[in-house]
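Numbering (the working numbering), first residue to last: 8 to 468. Glycine is no exception: its CB is placed at the ideal position from the N, C-alpha and C atoms. Computed from a predicted structure; not experimentally measured.
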C-alpha cells in the first residue's frame, strides 16, 4: 500500500472558522451490546507529537487521536520545523532535538486545545524565538497565568505586559534558568510545561506536587531518554528533570482514551440490559477516578486482560447495566477525573440518593464554566441540583425527565454528557450544538450508534 500523503494536504476541516451550530438529540435506547475500541488518548497524543519534535531521529506513533485538538498540535509541530505526517496507519515525526526548533512563519493556532497551547508554551520558552499563539473563542477565554508565571520565572517573556489570555506573543530564550516550583493548585498542564522548559535549562528543574496529577509527561520523557526522577518528600511529590537533555526518537503506541471511554461506560451502566466491552483503554491510576467512583456507586465494571503498553497500563473494560447509589466523591480524587464530572453528574440523576462531588474549582476554567453549565443542563431536564462553592450535589430521583435543551457553551464534554444521559431520559434531551465534539472524539456518535444508541437531528421550526 502506498504511503498516504502529508496530512496537511488532505485534512479538510478548516479549524479557524466557526462552524454552524448543529443541534442533536438523544433518544431512549434499547440495551447496548458489543465490543468497541475508542480513539487514542488525547493527553498522550499531544505529548507524543511534542516529544517527537524535541527528539533526534524519527518517532513513530500508532493509535494517535486524529481529532481537531491533536491535529492543531501536529500543525504547530510542523510550523516549528519538525515534520509530522501520517504514513499509512502510522504518524511519523522527524525531530530536531531539544532547542533545535525554528521560528514559525505565522501564528500558532491551537483552536480549542488548552493542553496543546500550554505544553507548547514550555517548548517555546526554551528557544530563542518570538511566537504568536492564538486559539478559538473558547480557548481565548481561558486563563494562562498559571502556566505563564513559572515559565516567566525561568526566562520566558510575554510581549503584551499584563496579558494573560490568548492571543499572546511570547519570546523564548536558549538560556533558561532552572527553578523549583511548587504547584499552587493541581495541574498536569502546568507541571508538564515547566518540565518541558526544564529540558532546555542548565541544571535541574523541579516541580513539587501536593496532590497527584496525571503523570504521562514523566513516563514519556523517560521513554524518550530524559533523566526524570520522582521522589516522595513528606506529603509532597518532587518531580525533577535534568536539563540540556538529549531525547531520542521512539516508537509510541497510544492507548484508548479513558475520558472518551467514559461516555460509553456511562451509557452501558444506565441503559437496562446493556453489556459492553471497551478494548485497550488506558488505566493509568491518575486517570481512572471515574471508574473507581462508579464501582463505589455499585457499577458492574471489570478490568480484563490488564497489561502494559509503551510504559502505560492498559486493560479491556467490561461494563454491565447496574443500579447505582449516590456517594460522596472526595476532593482529592478530582485530578484523576476532572474531565468526567459532567457525565458523572448526569449519571447521578439516575442513582438512588444524593451524590456530592467536592473540589471542582478547576471545572470553572475549562472550555466553559463546566460546573455551572452542568448544573444548568441538569436543571433544564428535571434534575434536583445544588452548587455550593466548589461542590456539586445531585439528588437522584429516578432519572431525568428530559425534554430540555442544553446550552453547551462550545464544550465538547458537556455535549457528550447530555447526549449520553438522553439515552435513558423520559423525553429526548437536545444539545444546542454537537459540532465541537470533533475536538476530542469525532467518532462519538458512530461508536455509540454501533452499540445501539439512538440520535436524531432536530428540524428547525
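A direct Cα-Cα distance of roughly 29 Å separates residue 139 from residue 247. Spatial neighbours of residue 316 in its own chain (CB-CB distance under 7 Å, excluding positions within 5 residues in sequence) are listed in chain order as 260 and 262.
For residue 403, the secondary structure class from DSSP, reduced to helix, strand or coil, is strand. Positions of the alpha helix (DSSP H) runs, each at least 4 residues long and wholly inside the segment 31-73, are given as 49-61 in order along the chain. For residue 319, the enclosing beta strand (DSSP E) has its first and last residue at 319-327. Between residue 252 and residue 206, the beta carbon gap of about 4 Å places them in contact (Cβ cut-off 8 Å). Three or more pairs of CB atoms, one per stretch, sit closer than 8 Å, so the segment 294-305 contacts the segment 319-338. By alpha-carbon distance to residue 444, the top candidate from 119, 173 and 111 is 119. Counting C-beta atoms within 10 angstroms of its own C-beta, residue 312 has fewer than 16 neighbours from the protein chains shown and is therefore classed as exposed.
Here residue 76 is buried: its Cβ has 16 or more other Cβ atoms, across all protein chains shown, within 10 Å.
Residue 412 places its beta carbon less than 8 Å from that of residue 437. Assignment of alpha helix (DSSP H) within the segment 120-198, counting only whole runs of 4 or more residues, yields 121-132 and 152-161 in chain order.
Note that the C-beta distance between residue 341 and residue 401 is not below 8 Å. Boundaries of the alpha helix (DSSP H) harbouring residue 350: 348-355, taken from the DSSP string.
Residue environment: residue 46 is assigned as buried (16 or more neighbouring CB atoms within 10 Å of its CB, all protein chains considered). In the structure shown, residue 364 adopts extended strand secondary structure according to DSSP, grouped into three states. Distances from the alpha-carbon of residue 214 to those of 314, 137, 186 and 338 put 186 closest. Just measuring C-alpha positions, the residue of 245, 148, 28 and 182 sitting nearest residue 163 is 182. The beta carbons of residue 452 and residue 420 sit no closer together than 8 Å. Distance from residue 43 to residue 285 at the Cβ level is roughly 6 Å; contact confirmed, criterion being Cβ atoms closer than 8 Å. Just so you know, the alpha carbons of residue 107 and residue 114 end up roughly 19 Å apart. The criterion of a C-beta distance shorter than 8 Å is not satisfied by residue 267 and residue 275. DSSP lists no bridge partner for residue 451. By the criterion of a C-beta distance shorter than 7 Å, residue 171 is surrounded in its chain by 150, 151, 152 and 155, once the five residues flanking it on both sides are discounted. If you draw a straight line from the Cα of residue 222 to the Cα of residue 244, it is about 12 Å long. Around the Cβ of residue 351, a 10 Å sphere holds 16 or more other Cβ atoms; the residue is buried.
Close CB contacts of residue 369 within its chain, under the 6 Å cut and outside five residues either way in sequence, are with 345 (chain order).
Shown here for residue 219: same chain residues with a beta carbon closer than 7 Å to its own, the five before and five after excluded, namely 244, 293 and 342 in chain order. Here residue 295 carries a coil assignment [DSSP, helix/strand/coil].
Between residue 397 and residue 365, the CB-CB gap stays under 8 Å.
Take the alpha-carbon of residue 393 and the one of residue 361: they are about 11 Å apart.
A buried status is given to residue 212, since no fewer than 16 other beta-carbon atoms sit within 10 Å of its beta-carbon. Rounded to the nearest angstrom, the gap between the Cα atoms of residue 36 and residue 234 is 51 Å. Sequence-distant partners of residue 121 (beyond 5 residues in either direction) whose C-beta falls short of 7 Å from its own C-beta, in its chain, are 146, 149 and 196. Separation of the CB atoms of residue 204 and residue 166 is rounded to 18 Å, and the pair is thereby denied contact status at 8 Å. Counting only runs of 4 or more residues that sit fully inside the segment 214-257, the alpha helix (DSSP H) segments are 223-230, in chain order.
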